[in-house]
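In the numbering used here, the protein residues as written are 5 to 95.
First comes the structure, then the notes that go with it.
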């Protein structure tokens, strides 16, 4: 039986939203860099989900990796909720 772990359950296990900006060389023009934005729940400092993705990249995607910037949200917090102060009708 395969159980699906919800995002909230992962967050309670110290997983946080992680963003990686991945710079890579274009396969047809290796002197040019392109970037790709990756976001997933992951756990610092080991980042197993990011490592799994980068391993996939190195084995399955032609663009050679150049560099990676990683940031993450440190806090588990409720979403911001704001009431509207008015209503606007456009005719």
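Think of the CB as a built atom: it goes at the ideal place given N, C-alpha and C, for glycine as much as any other residue.
So residue 37 and residue 63 are in contact, right, with Cβ under 8 Å, and what is the actual spacing, rounded?
Going by Cβ atoms, the distance from residue 37 to residue 63 rounds to 21 Å, so no, they are not a contact pair.
Which partner residues of residue 40 appear in the DSSP bridge assignment?
26
Element boundaries [alpha helix (DSSP H), containing residue 64]
52-64
Does DSSP put residue 32 in a helix, a strand or coil?
coil
Between 20, 77, 12 and 13, which has its C-alpha nearest residue 46's C-alpha?
20
Limits of the unbroken alpha helix (DSSP H) element including residue 18
That residue, residue 18, is in no alpha helix (DSSP H); it is neither H nor E in DSSP.
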